[in-house]
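Asks:
Residue numbers (our numbering): 4 to 289.
#1: Output needed for residue 178: all residues of its chain with C-beta closer than 6 Å, excluding positions within five of it in sequence on either side, in chain order.
#2: What is the DSSP secondary structure of residue 200, counted as helix, strand or coil?
#3: Could you check the C-alpha separation between residue 123 and residue 138 for me, to the nearest Å?
#4: Identify every residue that forms a DSSP beta bridge with residue 142.
#5: I'd like to confirm the pairing. Which residues does DSSP put opposite residue 262 in its beta bridges?
#6: Drop a sphere of 10 angstroms on the beta-carbon of residue 275, count the other beta-carbons inside from all chains shown, and report buried for 16 or more, exposed for fewer.
#7: DSSP three-state call for residue 63: helix, strand or coil?
#8: Could you check if residue 250 is buried or exposed, using at least 16 other CB atoms within 10 Å of its CB as the buried criterion?
#9: What's the gap between the Cα of residue 240 and the Cα of residue 191?
#10: With a cut-off of 8 Å on the beta carbons, I'd call residue 286 and residue 176 a contact; round off their distance for me.
#11: Closest to residue 252 by C-alpha separation, out of 186, 220, 82, would be which residue?
#12: Hey, does residue 143 have any beta-carbon neighbour from chain C nearer than 9 Å?
#13: What does a CB cutoff of less than 7 Å around residue 207 pick up in its chain, not counting 5 residues either side in sequence?
#14: Hey, out of 92, 169, 107, 263, whose CA is closest to residue 244's CA?
#15: By how many angstroms is the C-alpha of residue 107 removed from the C-alpha of residue 284?
#16: Would you kindly work out how many angstroms separate the C-alpha atoms of residue 121 and residue 166, rounded to a whole number?
#17: Output the distance between the C-alpha atoms of residue 204 and residue 53, rounded to the nearest integer angstrom.
#18: For residue 215, write down the residues that DSSP places opposite it in a beta bridge.
#19: What are the boundary residues of the beta strand (DSSP E) that residue 91 is part of?
#20: Going by the CB atoms, is the gap between residue 48 and residue 114 shorter than 9 Å?
#21: With residue 127 and residue 84 assumed to form a contact (beta carbons below 8 Å), what rounded beta-carbon distance in angstroms separates them?
#22: Which residues does DSSP pair with residue 84 in a beta bridge?
#23: Could you tell me the distance, in whole angstroms, from the CA atom of residue 99 to the CA atom of residue 68?
#24: So residue 47 is in the alpha helix (DSSP H); what residue range does that whole segment cover?
#25: Identify whether residue 79 lies in helix, strand or coil by the three-state DSSP scheme.
#26: What's the C-alpha gap between residue 210 and residue 104?
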């Protein structure tokens, strides 16, 4: 018959038991809260609420102002090609009018974040092509709503693809002031640079092309610390509304496209390609 020993059974010290209980309760609470589990994705901002009001330069004009001058002096570029950029706020575009005025290329907004596509994209993208122009598509970036890779895939799947037909420019990434809040989308300079690297790498993997980067020198300095990470790879499309292109972001010795006005004829945003038509065709052909 087993012998029962006198005294209380062995117990953990009360302080250890209490600490263990608190730890277990805390972990249970944390694991029950959304976004706190180990490995969970960071919290993201909601999808844009007015993407139809966001286009290449919409926030540049708002933050950096516009100049009264409509066109730069003809001597500012030894060889250049006239172009435009459009989005849904332009509606159905009179492409024949633009062609007759000398416009030979166009960039069309295709997407924003991972939930918006331009409802006028077909008329604008196909219409410019039918008129005889070389055209391309661009994506308005919102780095706080989803990853660079996710937005690049969405863009490529919704109008941002590329084909070697001699009439299609590589896609463009529009990086400018946040229309919905924090100027730099709540990200650090390193965070924004990494987001763009992710976007560009994913786009190239999908299309075989290095995309064009649209950005202003002012925003670039403020939000990326004037990074020089892209200057040797991605052609620069820079907005500056005045008589000269002005200072360029770090890393670029020259610009490829200059958005020189937001108040031009027929559609507002007008651009100059920094080179001859042969060089523009070379950019399209890759």
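Every residue, glycine too, gets a C-beta built ideally from N, C-alpha and C. Note that the coordinates shown come from a computational prediction; the quantities given were computed from them, not determined experimentally.
Replies: A quick look at the data gives this:
#1: Contacts found: 144, 218.
#2: If DSSP states are grouped into helix, strand and coil, residue 200 belongs with the helices.
#3: The alpha-carbon atoms of residue 123 and residue 138 are separated by roughly 15 Å.
#4: Answer is 114, 176.
#5: Its beta-bridge partners are 242, 274.
#6: With 16 or more other Cβ atoms within 10 Å, it is buried.
#7: Looking at residue 63 - three-state DSSP - the assignment turns out to be helix.
#8: So residue 250 counts as exposed.
#9: Near 23 Å, if we compare the C-alpha coordinates of residue 191 and residue 240.
#10: The C-beta distance from residue 286 to residue 176 rounds to 15 Å, too long to fall under 8 Å, and the pair is not in contact.
#11: It is 220 whose Cα lies nearest to the Cα of residue 252.
#12: In the displayed structure, chain C is absent; only one protein chain is listed.
#13: Once the five neighbours on either side are set aside, the close Cβ partners of residue 207 are 213.
#14: Comparing Cα positions, the closest option is 263.
#15: Taking the CA atoms as reference points, residue 284 sits about 11 Å from residue 107.
#16: Answer to the nearest angstrom: the Cα atoms are 20 Å apart.
#17: Going by the C-alpha atoms only, they are around 28 Å apart.
#18: Answer is 175, bridged to residue 215.
#19: Run containing residue 91: none; DSSP gives neither H nor E here.
#20: Between residue 114 and residue 48, the gap from beta carbon to beta carbon reaches 9 Å or more.
#21: Taking C-beta atoms under 8 Å as the contact rule, residue 127 and residue 84 fail to qualify, at a distance of about 19 Å.
#22: DSSP lists 276 as partners of residue 84.
#23: Looking at the two C-alpha atoms, the distance is approximately 30 Å.
#24: For residue 47, no alpha helix (DSSP H) encloses it, and the DSSP letter there is neither H nor E.
#25: Caution is warranted here: a pLDDT of 49 is assigned to residue 79, below 50, making its placement in the model unreliable, and no coordinate value can be reported.
#26: Taking the straight line joining both Cα atoms gives about 32 Å.
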